[in-house]
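Protein chains: 2
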Amino acid sequence: MNRPRRADAADNRERILEAARAVVATADEVRLNEIAKRAGVGQGTLYRHFPTREHLLAEVYRQDVDELVATAPRLLAEHDPVTALTRWLDRLVEYARIKHGVFAAVEAGVRKDLSAHSLGPIGDALTTLLDAGRAAGTVRPDVDARDLILLVGYLTRLEQDEWDTRARHLIRIILEGVRSRG
Amino acid sequence: MNRPRRADAADNRERILEAARAVVATADEVRLNEIAKRAGVGQGTLYRHFPTREHLLAEVYRQDVDELVATAPRLLAEHDPVTALTRWLDRLVEYARIKHGVFAAVEAGVRKDLSAHSLGPIGDALTTLLDAGRAAGTVRPDVDARDLILLVGYLTRLEQDEWDTRARHLIRIILEGVRSRG
DNA sequence: CGCCAAAGCGGACACGTGTCCGCTTCAACG
DNA sequence: CGTTGAAGCGGACACGTGTCCGCTTTGGCG
């Protein structure tokens, strides 16, 4: 899109991301001012490159998100739509479990994109999966990606010690609600 | 439980709640320091009476919550369990729509109670409804109140302009997932 | 080259939450 | 009543987020 930036700016941006990745990987508390310090830039610089905390996190996790998104068509090629959707959501859960920040960032990213009348990459992946299911008649026709994103949002509120018992379990319940009545 | 407090303390507590109700009713931004100022107390006082923002809000909305909780047995007396649950959740949605803060406070309250190995009043109401459904064989036996609380948490993240289209719709989807397969 | 406008920078600042601690006030008891 | 110790108070403080603005750097252009 618009990439003719100044060289030093691009540099800073990269250094910020690097610092952010380092902090995210080690500490569980992600403090923006610390990231700025580590990157050797002022807060202002950090905030111009990434207007909100979420923009930064979204970029940090971008690779993971891309990976996840790329999985959707692959799953659809190998399985029926509902199975593909199930597997995909399981994978989402797995990401959310390991990298606690992933899902929060994704969700925030979606909100950001919402105003732009888009659901973002994650939403697009879900739309693909749902469309396939709808076409096959195995998914309720009145469910869209935004619905699912809202529902799986519980992942951000799950306590650590509930993960094993509830994360997948709730996905199953959601899927039951999303399937066409057999 | 433990009510032999000092008179002036009880007074302050009441004044804080009064101020909080006033702020909640008018402004949509709820600033604790403003509430403290309006109540004519220091921040320290406010925070000792209500350790966190959520404790305060929970108390502000306590009456609404009690009302909602009291509804559950009434609904169960008049309808089959799944219908009762449906109506109850619809009522929850209605509360959440009007008083935006209600549900966030409730959810936070639940989290607080979680550590005390309790689900709080809302959780208890849901447990009653779910138990009835389970006994009647119309609700999946592996769903508990905590599951539902997590799922309906989407209400806190719903944008204002999505309410009409999504709030009830998602409740229906959840209910489909929670019902026993017929 | 050297100029200079725009792009970028950094850190001070404003604001909200929640904590801490020395002073004040209550109320129980002699 | 006066004493007294604990309950309660208030506001200063620490900390994180996000904004703002005067100074610096870059790099295109003459």
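In the order they appear, the protein sequences are chains A and B.
For the first sequence, position 164 matches number 164 in UniProt numbering, and the numbering has no gaps at all.
For the second sequence, position 59 matches number 59 in UniProt numbering, and the numbering has no gaps at all.
Built from N, CA and C at the ideal position, the CB exists for glycine as well.
Whole-number beta carbon distance between residue j and residue i, since they are thought to touch under 8 Å
i                      : j                      : result
residue 178 of chain A : residue 134 of chain A : At roughly 10 Å, the Cβ-Cβ gap does not stay under 8 Å, so residue 178 of chain A and residue 134 of chain A are not in contact.
residue 168 of chain B : residue 93 of chain B  : 6 Å
residue 143 of chain B : residue 149 of chain A : With a Cβ gap of about 22 Å, residue 143 of chain B and residue 149 of chain A do not count as contacting.
residue 176 of chain A : residue 14 of chain B  : Incorrect: roughly 47 Å between the Cβ atoms, too far for contact.
Proximity of residue i and residue j at Cβ, strictly below 8 Å
i                      : j                      : result
residue 136 of chain B : residue 81 of chain B  : yes
residue 170 of chain B : residue 90 of chain A  : no
residue 106 of chain A : residue 65 of chain A  : yes
residue 75 of chain B  : residue 87 of chain B  : yes
residue 59 of chain B  : residue 108 of chain B : no
residue 77 of chain B  : residue 119 of chain B : no
Where residue i falls: helix, strand or coil (DSSP)
i                      : result
residue 106 of chain A : helix
residue 162 of chain A : helix
residue 143 of chain B : coil
residue 1 of chain B   : In this prediction, residue 1 of chain B scores a pLDDT of 49, lower than 50, which makes its location untrustworthy; the coordinate-derived value is nonetheless stated afterwards. In the structure shown, residue 1 of chain B sits in coil (DSSP, three-state: anything other than H, G, I, E or B).
residue 174 of chain A : helix
residue 31 of chain B  : coil
residue 179 of chain B : strand
residue 80 of chain B  : coil
residue 137 of chain B : coil
residue 154 of chain B : helix
residue 47 of chain A  : helix
residue 61 of chain A  : coil
residue 6 of chain A   : coil
residue 99 of chain A  : coil
residue 40 of chain B  : coil
residue 127 of chain B : helix
residue 52 of chain A  : coil
residue 92 of chain B  : helix
residue 119 of chain A : coil
residue 18 of chain A  : helix
Nearest residue (CA-CA) to residue i, options the options
i                      : options                  : result
residue 33 of chain A  : A/42, A/149, A/86        : A/42
residue 97 of chain B  : B/16, B/164, B/76        : B/164
residue 211 of chain B : B/57, B/121, B/84, B/181 : Residue 211 of chain B lies beyond the stretch modelled for chain B, which goes from 1 to 182, so this question has no answer here.
residue 132 of chain A : A/166, A/31, A/83, A/16  : A/83
residue 180 of chain A : A/12, A/35, A/161, A/138 : A/138
residue 244 of chain A : A/39, A/36, A/85, A/121  : Past the edges of chain A, shown from 1 to 182, lies residue 244 of chain A, and the structure says nothing about it.
residue 187 of chain B : B/16, B/26, B/30         : Chain B is shown only over 1 to 182; residue 187 of chain B falls outside these bounds and no answer can be derived.
residue 124 of chain B : B/85, B/162, B/95, B/161 : B/85
residue 12 of chain B  : B/26, B/31, B/30, B/37   : B/37
beta-carbon residue i near the ligand SAH non-hydrogen atom, thresh 7 Å
i                     : result
residue 43 of chain A : By its list of ligands, the structure shown contains no ligand whatsoever, and the ligand SAH lies outside what it can speak to.
Does the region 153–167 of chain A come into contact with the region 149–168 of chain B, if we say contact requires no fewer than three beta-carbon pairs (one atom in each stretch) closer than 8 Å? By the Cβ test, the region 153–167 of chain A is in contact with the region 149–168 of chain B, since at least three Cβ pairs between them sit closer than 8 Å.
Q. How do the region 63–80 of chain B and the region 42–49 of chain B stand: do at least 3 beta-carbon pairs fall below 8 Å, yes or no?
A. no
Contact between the region 125–134 of chain A and the region 96–105 of chain A is defined here as three or more beta-carbon pairs at a separation below 8 Å; is this criterion met? no
- Counting pairs of beta carbons, one from the region 48–63 of chain A and one from the region 7–21 of chain A, are three or more of them closer than 8 Å? yes
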